[in-house]
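Chains as they are written, first to last, in this note's numbering: chain Z, 1315 to 1572; chain B, 1315 to 1572; chain P, 50 to 374; chain F, 50 to 374.
Even for Gly, the Cβ is constructed at its ideal location relative to N, Cα and C.
All values derive from a computational prediction rather than experimental measurement.
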Amino acid sequence: MSTEIEYTSREMMAVAAAREIRDGDIVFCGTGISMLAAMAAKHISAPNSVIFFETGAIDSQLEEVPLAVGDPRVMFATSVNGGLADAFATMQNRFTGRQVVGIMGAAQIDIYGNLNSTVIGDYHHPTVRFSGSGGACDVASFVSRTIIFMQHAKRKFVPKLDYLTSPGWLDGPDGRKKAGLPDGGPACVITNMAIMGFDPQTRRMVLKGCFQGVRKEDVLDNMGFAVDTSQATQIQPPSAEELSILRDKCDPQRLILG
Amino acid sequence: MSTEIEYTSREMMAVAAAREIRDGDIVFCGTGISMLAAMAAKHISAPNSVIFFETGAIDSQLEEVPLAVGDPRVMFATSVNGGLADAFATMQNRFTGRQVVGIMGAAQIDIYGNLNSTVIGDYHHPTVRFSGSGGACDVASFVSRTIIFMQHAKRKFVPKLDYLTSPGWLDGPDGRKKAGLPDGGPACVITNMAIMGFDPQTRRMVLKGCFQGVRKEDVLDNMGFAVDTSQATQIQPPSAEELSILRDKCDPQRLILG
Amino acid sequence: MNVNSDKLMSLADAVFRFVPDGAHVSIGGFTINRNPMAAVYEIIRQKKGRLHLYAHSNGQGVDELIGAGCVDRLEIAYAGSGRFASTCIRFRKAVESGQLPVEDYTNYQMTLRFMAGAMGVPFLPTRSSLGSDIVNRWGFSKTVRQKDPRVPDRKLAVMENPFAGWCDTDRVVLVPAINPDVTIIHVQAADRQGTARINGLPFADVEQAKAARHLIVTCETLVDDDLLRGAPERNQIPFFCVDAVVHVPMGAWPTACYRHYDYDPTRLHHYRKAALDDDRYRAYLETEIFSSKNHEEMMARIDDRQLEKIKADPRTGYAVGLDRR
Amino acid sequence: MNVNSDKLMSLADAVFRFVPDGAHVSIGGFTINRNPMAAVYEIIRQKKGRLHLYAHSNGQGVDELIGAGCVDRLEIAYAGSGRFASTCIRFRKAVESGQLPVEDYTNYQMTLRFMAGAMGVPFLPTRSSLGSDIVNRWGFSKTVRQKDPRVPDRKLAVMENPFAGWCDTDRVVLVPAINPDVTIIHVQAADRQGTARINGLPFADVEQAKAARHLIVTCETLVDDDLLRGAPERNQIPFFCVDAVVHVPMGAWPTACYRHYDYDPTRLHHYRKAALDDDRYRAYLETEIFSSKNHEEMMARIDDRQLEKIKADPRTGYAVGLDRR
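Laid out in structure tokens, this is it:
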């Protein structure tokens, strides 16, 4: 017997990302849903994961959800309150950087997981200007694994980025090596419909799995490029326990969950 | 009327160096007599001078004389206890570095004020091995003015260094510029016999003044190269006040003064 | 570079003396935290113009300076204020309307640029941004770069590793040093001579401070030097880097000042609403900034109950349970 | 890199596990202060050999490791212990007798090399040493450099400034990163997970710690994590950098540990006298180090009155009025 529990796609996304975090990972968090994912992971499958922020806070004890990575809530009872320089060095460092998983979002993504968070349109005369890289390009450059949040929409999954802010697999299997970047790259893209992965040979995006009630065709209809869907599975919906952790322990005010 | 006060050549040297420190200088100190000079200067002519150490201590309140720049006495009641990286950056910094005067010693010096504190003899098979640069080369490279302590002896004032550890004026007026170093260089050399300066045109060493009871010939006899002595004056002996500050306030245990 | 023993002055004096029109300026803080807002408002009040602004992710202060028309050129990594503005609103309007030339770097690169300035070297290396448009696209034209000797001749340089693959690295990006004419930071405590202490995260304030030709430190509390020198491990800014010490309680408001007050959601939402509309924004500038003589007067107009709500809890350093919706 | 929650182990275990023969090692501290001496003695006791040692001005610890024959190669800026040895005595003997190849850098360069290792870049730039023999003469031959993949192919590189005279700089020296196999530091306080706090000057310990593949932290006091997390501004080492936490009271003796004890002039003079003579030094190694099982036993043999004299005064952090002649 089981009871149906209602949940939102934001909740599904946060839970899906939390499941990707392994025990012992050092989790680089941005603003918003990525913080919830990291907070939830610590309560579920990765109690020894470490949450850290580009602002310099290491292993923040998040009693309340921060609304920015510069929120004073990230400074409470950390292991060390360092500076930006320390935080980014942790990711570029040859030993600690290998253990970091970065969670990030963007305005556009291409088939190799490269991200744009700078402009839509011409760089010098943009139609839309976004915030810019912040630490996103640094994280994408340095760490061994990134998890990307996206809304599934044709204008966001594009054949060509208007601006390549953060390197994914660049132009394929040797792209990062040719450019001079460390090993590593995007592990998965979590959207409101599905989880996308990257083929280990071609480094091109593939559909890994659909959320409950989503068909492969729905996913493809909302993308500006085609991807292999042959290996796609059905994603397990959030369990009652996962939802209760997310709702009660991570964001009781629903500041991020909405 | 006046009373003759006995003093040692070490005391004369410390006082002579203290007189070179200007109010507002940031004084980089090494071990030994240079610390005494800096401590004395704060009590005499440069109350607003700042004593700082390569170890990272800034404006140390020296209630007791430290026996090394890593002595815990340098850490007490400072403005900031930083690290080595901070200390050297202060000297390389384009704004603060210009205000720093460095005090240092060496095993050998040449006519352009270049210093050796590494080896006597062949570098790979030395007759005598010294401590090496430490921060000396850094200070000599970065700051606008250095004061050098030396024992006056032929084997120490040499035509050619066995190893150039710390750059002075290198090979003359354009030496530092050609090498790529910032402006600045040795201001004077204080020995147990005299104060040497550097000709502003040629950057070659000259005799600025002899201590009480020392003749120009004595100075020349103790050097491995000839210097212009035409402008040499008689150096004022330490005043009673200078001596009492040095003895009573700076080194009552005579740990450095001997 | 200043070893005077008393550098205390009014904010109006400090801004008047050290922030001339056309100055290259950097401000401390991060998004909605510890921005030197009192100084930002004073710069706006004194109608400073043609500023060249350097920022990593300084957020609120950057947006208000841009909104008031003080800024001619911007070098930045991230213009956002967390959930209050995923992209800073006046920044976005200025860029989209073609009024604000921007040079884009990453957060680490901006940090390294300040660090290089503080260290006195012309550049520092990183592996960040290889293969990206941060390397390939430049915001400032050659002409702009050649005209101002305070701007380097190129945005960055890509270089092969001269140590034959050492550290498994083939290539690095060199980013040029920044030496601002003036940096302004807001700290929790300073003494009259300028020794300063930051609580919580220092962000890149220390690098920004040490990179600058002149440094204005505004402080939440002015303390005796004995207090700071009793625990010098906790101080970050040596006094000789400082030119002006200004005592401004609530000097970071409406951004947060750890262990003193939280960010002010009411004010940030109010700002957001004003910023979205040009007319409302003009009114905001007039009634909220220009019509007040100084920060004290500006703060006096804010409802005490609003300020009470953001007061930091002594255990956590922020306002526990604050309504932030 | 280790996120385990309990890394507490004995010093013997930590040295056995993380300091194999031939390891590339760096130790913290400066001249006669906060050297990880207990670990140094344990390395000697375990007769570790062929170490490649990196030091800036670490002083006493470096000299004892060299004296005991543990070190095959040394990269260093300064081998001295202040007034107790203007040049470290066993170091000097080893170099003059041709037994110890040395590569010379400056203190800042060694610091930058650790910093580069910590930052994950292959090099960092400085203006220091241009025109000097530190640039021109190299201690390690090409053959040595080619044989060990843990040593870069060149000592340093001189490079023209690619930013056309930016910062009034024409040229810089690039110094290669160091990533030691293991770094050992002694701190005032740590918790079992590895978060560590240094009081007084950190020297270059933090850079050395973060540059290393493995990190051993010996601590004067073992504390609850709550205590350290109550003031994280004062902590320098995040726990995930740490592999072993070892509780060793008097772990820096005979060098100083700020706010706990001063350096021990009696012992340092005793060491000096022993070091000057080969026979006496062999006896020193035998009776003082090898014959003791561990640091506790070594300390138990020291006269309590001698240790009482070096106890730190609570106001200043050192032993006021200590006879240091």
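Give every residue of the same chain whose Cβ lies closer than 6 Å to the Cβ of B/G1489, excluding the five residues on either side of it in the sequence, and list them in chain order.
Once the five neighbours on either side are set aside, the close Cβ partners of B/G1489 are W1483.
Less than 7 Å between C-beta atoms, sequence neighbours within five positions excluded: which residues of the same chain meet that for P/K360?
So the qualifying residues of the chain are Y310, A368.
Just list the residues that DSSP pairs F/D274 with in beta bridges.
The partner list for F/D274 (beta bridge, DSSP) is empty, contrary to what the question assumes.
Measure the CB-CB distance between P/P225 and F/A206 and report whether it falls below 8 Å.
Contact flag unset, no.
Can P/D121 and P/K97 be called in contact, C-beta distance under 8 Å?
Cβ atoms of P/D121 and P/K97: not closer than 8 Å.
Taking a cut of 7 Å between CB atoms, which residues from the stretch 140-160 of chain P lie near chain Z?
For the stretch 140-160 of chain P, which is checked against every Cβ of chain Z, the residues closer than 7 Å are R141, V144, E145, G147, D153, T155, N156, Y157, T160.
Count the other CB atoms within 10 Å of the CB of B/I1347; is the residue buried (16 or more) or exposed (fewer)?
Buried, since its Cβ has 16 or more Cβ neighbours within 10 Å.
Give the single residue among Z/Q1422, Z/P1552, Z/A1401 whose Cα lies nearest to the Cα of Z/G1416.
Residue Z/A1401 is the option with its Cα nearest to Z/G1416.
According to DSSP, simplified to helix, strand and coil, what is Z/G1411?
Helix.
Rounded C-beta distance between B/G1449 and F/N156? I'm assuming under 8 Å.
Yes, they are in contact, since the Cβ atoms of B/G1449 and F/N156 sit about 4 Å apart, within 8 Å.
Can you name the residues of chain B whose CB is closer than 7 Å to the CB of F/E15?
Outside the shown range of chain F, which is 50 to 374, sits residue 15 of chain F, and nothing can be said about it.
Could you check whether Z/I1358 and Z/A1391 sit closer than 8 Å to each other, using their CB atoms as the reference points?
Going by C-beta atoms, Z/A1391 is not nearer than 8 Å to Z/I1358.
DSSP state of B/K1474, grouped into three classes?
Here B/K1474 sits in coil by DSSP.
Taking the CB atoms as reference points, tell me whether P/G129 and P/G108 lie closer together than 8 Å.
Against a cut-off of 8 Å, the Cβ pair of P/G108 and P/G129 comes out as a contact.
If you draw a straight line from the C-alpha of Z/V1388 to the C-alpha of P/I247, how long is it?
Between Z/V1388 and P/I247, the C-alpha separation is close to 15 Å.
Counting only Cβ pairs nearer than 9 Å, list the residues of chain P close to F/M208.
By Cβ distance, chain P contributes M208, P211.
Please report how far the alpha carbon of B/R1469 lies from the alpha carbon of B/E1320, in whole angstroms.
Each residue's alpha carbon lies about 29 Å from the other.
Per the DSSP calculation, B/N1430 is bridged to which residue(s)?
Partner(s): B/Q1422.
Less than 8 Å between the CB atoms is what I'm expecting for B/T1369 and F/L250, so what's the real figure, rounded?
Yes, they are in contact, since the Cβ atoms of B/T1369 and F/L250 sit about 5 Å apart, within 8 Å.
Around the C-beta of F/K56, are 16 or more other C-beta atoms found within 10 angstroms, so that it is buried, or is it exposed?
Its Cβ being crowded by 16 or more others within 10 Å, F/K56 is buried.
Could you name the residues of chain B that P/V222 contacts, counting a contact when the two beta carbons are closer than 8 Å?
Result: empty, since nearest Cβ-Cβ is about 21 Å, beyond 8 Å.
Would B/I1335 pass as an interface residue toward chain P - the criterion being a Cβ-Cβ separation below 8 Å?
Not closer than 8 Å to any Cβ of chain P, the Cβ of B/I1335 fails to qualify, so no.
Check whether the stretch 1443-1462 of chain Z and the stretch 128-146 of chain P are in contact - that is, three or more C-beta pairs closer than 8 Å.
They touch, by the three-pair rule.
Output, in sequence order along the chain, the residues in the stretch 273-292 of chain P whose CB is closer than 9 Å to any CB in chain F.
Flagged, chain order: A280, P281, E282, R283.
Measure the alpha-carbon distance for P/V298 versus P/H318 and round it to whole angstroms.
The residue asked about is misnamed: residue 298 of chain P is Pro in this sequence, not Val. Roughly 22 Å separates the two Cα atoms.
For B/T1547, which of helix, strand or coil comes out of DSSP?
Strand, per DSSP.
Please state whether the Cβ-Cβ distance between Z/I1462 and Z/G1523 is less than 8 Å.
Going by C-beta atoms, Z/I1462 is not nearer than 8 Å to Z/G1523.
What is the rounded straight-line gap between the Cα of F/M168 and the Cα of Z/A1399?
Near 9 Å, if we compare the C-alpha coordinates of Z/A1399 and F/M168.
On the DSSP letters alone, give me the boundaries of the beta strand (DSSP E) that P/I234 sits inside.
Start and end: 231-239.
Let me check understanding here. Comparing Cα to Cα, which of F/V222, F/P303, F/P314, F/H101 lies closest to F/R199?
Comparing Cα-Cα distances from F/R199 to each of F/V222, F/P303, F/P314, F/H101, the minimum goes to F/H101.
In the structure shown, what three-state DSSP assignment does Z/R1568 receive?
In this structure, Z/R1568 counts as coil in the three-state DSSP scheme.
For chain P, find out if any of its Cβ atoms is closer than 8 Å to the Cβ of F/C216; answer yes or no.
It does; some Cβ of chain P falls within 8 Å.
What residues from the stretch 1383-1406 of chain Z come within 9 Å of chain A, judged by C-beta to C-beta, listed N to C?
The structure shown contains no chain A; its protein chains are Z, B, P and F.
Determine whether the beta carbon atoms of F/D202 and P/A213 lie at a separation below 8 Å.
Yes, the pair counts as a contact, with Cβ atoms nearer than the cut-off.
Can you grab the Cα-Cα spacing for the pair Z/M1315 / Z/E1555, in whole Å?
Because the pLDDT at Z/M1315 is just 47, under 50, the model does not fix this residue reliably, and the point stays unresolved.
Could you have a look at Z/M1315 and say whether DSSP puts it in helix, strand or coil?
With a pLDDT of only 47 at Z/M1315, under the threshold of 50, the placement of this residue in the model should not be trusted; the figure read from the coordinates follows. Three-state result, Z/M1315: coil.
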